[in-house]
Amino acid sequence: MKFGVVVFPGSNCDHDAWYAASANLGHQAEFLWHSDSSLKSSDCVILPGGFSYGDYLRCGAIAKFSPVMASVKKFAAEGGYVMGICNGFQILTECGLLPGALVRNRGLKFICKEVLLTAATANSPYTCAIPTGAELRIPIAHGEGCYVADDATLDMLEADDRVAFRYVENPNGSLRDIAGVLNEGRNVMGMMPHPERATEPLMGSSDGRMVFESLIQSYASQLSAAK
Amino acid sequence: MSQITPEIVQAHQLTPGEYEHIVSILGREPNITELGIFSVMWSEHCSYKSSRIHLKKLPTRSKLVVCGPGENAGIIDIGKDPEGNDYCIAFKIESHNHPSFIEPFQGAATGVGGILRDIFTMGARPVAVMDALRFGPLDDPQTGARNRRIIDGVVAGIAHYGNCFGVPTVGGETVFEPSYAGNPLVNVFALGVFRKDQIFYGKATGEGNPVIYVGSKTGKDGIHGASMASAEFTEESKQKRPNVQVGDPFMEKLLLEACLEAMQTGAIAGIQDMGAAGLTCSTCEMSSRAGTGIEIDLAHVPQREQGMTPYEIMLSESQERMLLVAHKGRENEVLDVFKKWGLDARIVGTVKSDGIMRVLNHGEIVAEIPSRPLADEAPIYDRPHTKPLRKVPMEGPALRSENLTADLFTLARSEDLCSKRWIWEQYDYMVRTNTVAGPGGDAAIIRIKEIGSSVAMALDGNGRYTYLDPREGAKLMVAECCRNLSCVGAEPVAATNNLNFGNPERPEIMAQLVEAIEGMADACAFFETPITGGNVSLYNETLGEGIFPSPVMGIVGVMKTEMPVGIAFNEAGRDIYLIGGIGEADGVRMGGTQYAKQVIKDIWGLPPALDMVFEKQVQLAVREMVTSRTVESAHDVSDGGLAWALAEASFDNLIGASVDVDSDLAPELLLYHEGPSRVVVSTADGKTVETMAAKYGVPALKIGVTEAGRLKISNKGITLVDTPLATLRESWATALESKLEAEVHA
Amino acid sequence: MTAQIFVTLKKTVLDPQGQTIQRALNSMGHPEVASVRQGKYFEIELTGVDKATAEATMAKLAEDVLSNPVIEEFRIEITG
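Protein chains in written order, with this note's numbering: chain A, 4 to 230; chain B, 42 to 787; chain C, 14 to 93.
Below is the structure:
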């Protein structure tokens, strides 16, 4: 499977995502430059964490206008896997690929720590390999990670089983403890926690591997179904 | 023609003698721009004129040192990758004390930005930052509110810059003293990694090579910041707000990526960041180091405001700017890279061979100064030094505790010893996924992905010790840093220092500086940790009140990359050993301890006694126990003594200890003295611990066993301390936040 | 011509920054401060357009770029 990691000016978890996918998961990974429209035939596009364009207007607000995002939108519309992590999640909500928005943490401070997550559904390419009820130890690192949406949207997300991850203990005030959500087609997922930072024992947790392994498994079954 | 009056000279903080020297270098009177250039280059901040002759006493060389003091950062060889490429680390510590007092958020943020540029200007990618912070007490009736605002701003500023830039802030230390209320200290220790064959130096080589300016536009930021950092605070300077620069970490991140990429083209001959004294410092130092000259025209310098004078442009301290020299004919390769990253790069001048730094403005000469004398002939002062300032007695009060367990809770709730989680959770300490051990341990560990090794970093300083005895205090600081590294299994290899002192024109303050440097020199030579660079911050005084002499030391160690051994007890029922033994103490040696500070609320006497030979043996023994995984945890005894070390080891997993010792020391001393050369370890293999300790000739005292949920310490069977861990941990974990929250609800 | 654009969080969206500022103002002896909403302010200089065009363009920019319609609302004032 080939991962494409988008590099925006100000991305700073691009290398971490690349390293997790290639060195720790053993798959192909390549960087995609924001001003190129080619996705280099990636099977999954990762929008990594960081501070794209300094987050100077709103987190993720400027990145959505870059040429690569036009290709990402098209790729997503065709059913391609798109995973937004942290700033990448913010970009996905800004560009309308995912509902809701991410605002300042309830405590107003940047928070970096390991949190516990549960997969809120097994019915997604990002969670299918995660045992039901398992608590995943995965770090967060954000100042604006409080997920908000109006009640109708939240009800709809829950009715459609589109909440991907929930916090066991809500660190940032996210409504209904939401840590990650899926789009309608379930091929686009955004989450504030950093699974790429928990892909080897040296980092203190390998639980983030399950997110990648879910994807790899889904991709493989998609391939064999196509044959 | 010249309008330079003695008043103008004085306003530039130059003495009449220094002015005469300037006239003799130029062979004429300087103009105002030239005077400004000399004043910043010859300021204490840039020239180290008060400390230079003493800094020469520090050891600076070893087999591993690739580059010592004088460059932007020191460089150490750390080993080869599988293909045989040599890897190095560049690291340095720098202060941003004065700006952080005036505007805590931006002052601290730009402090981080400045040291990161020092690292990547050499070609190294910054991989870790640590901070040593000093503030006034948070609950002081007079200064508490302001102290809380300062810590809040400083921490947010460090977080803002480091998090956005994408470098993990992996730890540090924070100490509170009244003497820092008007003079907080913000010392930032940064470390970067690169290949040895890709080191860049700040040299303007090659006559005819173009000089390129890249980064933020030049504005009227921080004009005279370098001279401000070299003067005491007065009521007047509190009004100097506009002098503080605003940092742009996003710009810095782009500069980092663009510079590292441009370096790969092979078209860059030399590069230097513009820090204090901006364009002045970079042009004159680059040409001085290369023995060349440099000519720039300010008309080409991107400017943020209209109508800036040459004086303002040359002295501006606008952040996030770099000056580089490209090989002639290849400048477009460099410019293309910057364009790709959306950065404004301009050719502003040319390298010359005449040894002159020549500044033009639209073709007209506005400054013409020989570079080498400007950079290197700054006055050097052997300032008079007498006996170090000391206003406290040798003997302290009799120590008669009414409740030794309550004392332990007092320590747990104290600002110095309580959990600093509130601070470090605001820092992204994991970005780049190299943080094997982050904040909260004895030392941070950063794995270097390219090779099989990791780098451990320890940062330490103890103003009380140095105040009581500058020489011994400095030695203790070096010893503790090395001990911290040994506790995670790393071998200390090199050091960087930040010397924060008061006004060097006072002989009793100068004496503190001289003795601290000499003590540091002795200890660094003994522990084989040469000092490869650092920073001196003097005049840390407000309204005549000086800080405790506060040297801060950053030491790096090298180790194999593997799962870390931490400070915390992991399992109940393990044997606890005290490597190095109970140690020596008396009432005089208690005067600088946390017990004296927090419980007795006083200071007296002397710092703990250090035997460096014994210390080294203890460290060797502990390092072998850790690297061989004979021990499951290791934590050195330092601030707060044995009782506090045991408490800290108990918090993470709520696995405590049941300890009984056999000592004739008074209970207060036994529990809370801070004698060095002691490490608490837990092990399932006591026999091997004893054998290893014996091999190095140090005692390994079996003092007890780990026990879930409880901390109990007794002497000869008489209970001294006994407490459930949960309550002790709660006091420790919530103290800082509750003191800071007082702000909002006041 | 100058366009002033004020972007604030929608009334229905929690504004923790505003609340914190309000608490601070209250504690500084101003109990009369009943609520604080904070936001962003943009000052945009325009040349070579008439007011009607400017209004239309600014509204579009505010809607598409300067604000996030999911959580924010905006107000435009054009002068000069």
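We treat Cβ as the ideally placed atom computed from N, Cα and C, and that holds for glycine.
Taking the C-alpha atoms as reference points, what is the distance between valine 825(B) and glycine 68(B)?
Coverage of chain B is limited to positions 42 through 787, which leaves residue 825(B) absent and any answer about it impossible.
Which class does tyrosine 618(B) belong to by DSSP, given the choice of helix, strand or coil?
Strand.
Leaving out five residues before and five after proline 100(B) in sequence, what residues of the same chain have Cβ atoms less than 7 Å from its Cβ?
Hits under 7 Å: Ala562, Cys565, Ala566, Pro571 and Ile572.
Just to make sure I have the definition right: I need the residues of chain A whose C-beta is within less than 9 Å of the C-beta of glutamine 30(C). Which are they?
Arg107 and Leu111, listed in chain order.
With 8 Å as the threshold, decide whether the Cβ of valine 49(C) is near any Cβ in chain A.
Chain A, which has no Cβ nearer than 8 Å to the Cβ of valine 49(C), makes this no.
So the candidates are Ile160(B), Glu358(B) and Gly332(B); which of them puts its Cα closest to the Cα of valine 287(B)?
Residue Glu358(B) is the option with its Cα nearest to valine 287(B).
Measure the Cβ-Cβ separation of serine 22(B) and glycine 502(B) and say whether it is below 8 Å.
In this structure chain B extends from 42 to 787, so residue 22(B) is not present and cannot be described.
Assuming the contact rule is C-beta atoms closer than 8 Å, arginine 362(B) and methionine 315(B) should be a hit. Round their C-beta distance to whole Å, please.
Sure, about 4 Å apart at Cβ, within 8 Å.
Considering only the beta carbon of each residue, do methionine 71(C) and isoleucine 89(C) sit closer than 8 Å?
It is a contact, given that the beta carbons lie within the stated cut-off.
Measure the alpha-carbon distance for alanine 267(B) versus aspartate 395(B) and round it to whole angstroms.
Note that alanine 267(B) scores a pLDDT of 47, beneath 50, so its modelled location is shaky; the value from the coordinates is reported in the next line. Answer to the nearest angstrom: the Cα atoms are 28 Å apart.
Starting from proline 508(B), trace the alpha helix (DSSP H) both ways and give me its first and last residue.
Note that residue 508(B) corresponds to tyrosine in the displayed sequence, not to proline. 504-509 is the extent of the alpha helix (DSSP H) around tyrosine 508(B).
Consider the Cβ of asparagine 24(A): report whether some Cβ of chain B lies at a distance smaller than 8 Å.
It should be noted that the sequence gives alanine, not asparagine, for residue 24(A). For alanine 24(A), the answer is no, since every Cβ of chain B falls outside 8 Å of its Cβ.
Considering only DSSP beta bridges, list what tryptophan 36(A) is partnered with.
Answer is Val10(A), bridged to tryptophan 36(A).
By Cβ distance below 6 Å, which residues in the same chain neighbour alanine 197(B) in space, the five residues on each side in sequence not counted?
Closer than 6 Å at the Cβ level, and outside the excluded window around alanine 197(B), lie Phe146.
What does the alpha-carbon distance come out to for the pair serine 527(B) and leucine 105(A)?
Rounded to the nearest angstrom, the two C-alpha atoms are 43 Å apart.
Alpha carbon to alpha carbon, what distance is there between lysine 638(B) and proline 182(B)?
When rounded, the distance between both Cα atoms is 18 Å.
Give me, in chain order, the residues of the same chain whose beta-carbon lies closer than 7 Å to that of leucine 458(B); leave out the 5 immediate sequence neighbours on both sides.
If we look at leucine 458(B) and ignore the five residues flanking it on each side, its Cβ neighbours are Leu452, Gln635, Asp680, Gly681 and Trp685.
Just tell me which of Pro648(B), Ala774(B) and Pro740(B) has its CA closest to the CA of tyrosine 508(B).
Checking every option, the nearest Cα to that of tyrosine 508(B) belongs to Pro648(B).
Within the chosen definition, does the region 663-681 of chain B reach the region 408-426 of chain B through at least 3 CB pairs nearer than 8 Å?
The region 663-681 of chain B vs the region 408-426 of chain B: no contact.
Go ahead and label proline 198(A) buried or exposed: buried means 16 or more other beta carbons lie within 10 angstroms of its beta carbon, across all protein chains shown.
Classification for proline 198(A): buried.
Chain C beta carbons: is any one of them nearer than 8 Å to that of valine 171(A)?
No - not a single Cβ of chain C is within 8 Å of the one on valine 171(A).
Among Tyr150(A), Gly136(A) and Ala79(A), which has the Cα closest to the Cα of leucine 42(A)?
Checked all of Tyr150(A), Gly136(A) and Ala79(A); the closest Cα to leucine 42(A) is Ala79(A).
Assuming contact is defined by CB atoms lying nearer than 8 Å, are leucine 619(B) and arginine 719(B) in contact in what I supplied?
Yes.
Check whether the Cβ of glutamate 147(A) lies closer than 8 Å to any Cβ atom in chain C.
So no, glutamate 147(A) is outside the interface.
Applying a beta-carbon distance threshold of less than 7 Å, which residues of chain A neighbour asparagine 204(B)?
Result: Phe113.
Could you check whether the Cβ of valine 62(C) sits closer than 8 Å to any Cβ belonging to chain A?
Valine 62(C) does not count as touching chain A.
Should the region 215-235 of chain B be called in touch with the region 171-189 of chain B, which here means at least 3 C-beta pairs below 8 Å?
Touching, per the Cβ criterion.
From the beta carbon of isoleucine 89(C), is the nearest beta carbon of chain A less than 8 Å away?
No, its Cβ sits nowhere closer than 8 Å to a Cβ of chain A.
Would you please state the rounded distance, in angstroms, between the beta carbons of valine 375(B) and alanine 303(B)? I believe it to be under 8 Å.
So it is a contact: roughly 5 Å between Cβ atoms.
What distance in whole Å lies between the Cβ atoms of histidine 341(B) and isoleucine 388(B), which are believed to be in contact at a cut-off of 8 Å?
At roughly 7 Å, the Cβ-Cβ gap stays under 8 Å, so isoleucine 388(B) and histidine 341(B) are in contact.
Looking at the C-beta of isoleucine 84(C), does it have a partner C-beta in chain A at a distance below 8 Å?
Yes, because at least one Cβ of chain A sits closer than 8 Å to the Cβ of isoleucine 84(C).
From glutamate 346(B) to threonine 259(B), what distance separates their C-alpha atoms?
Spanning the two alpha carbons is a distance of roughly 8 Å.
In this structure, does DSSP put valine 49(C) in helix, strand or coil?
In the structure shown, valine 49(C) sits in coil (DSSP, three-state: anything other than H, G, I, E or B).
Between the region 206-234 of chain B and chain A, which residues of the former have a C-beta closer than 8 Å to a C-beta of the latter?
Within the region 206-234 of chain B, the qualifying residues are Phe206 and Gly207.
Ignoring anything shorter than 4 residues, give me the alpha helix (DSSP H) runs that lie fully in the region 289-371 of chain B, in order along the chain.
Whole alpha helix (DSSP H) segments, 4+ residues: 290-305, 319-331 and 351-356.
Could you check if glutamine 280(B) is buried or exposed, using at least 16 other CB atoms within 10 Å of its CB as the buried criterion?
Its pLDDT being 48, under 50, glutamine 280(B) is placed unreliably by the model, and nothing is read from it.
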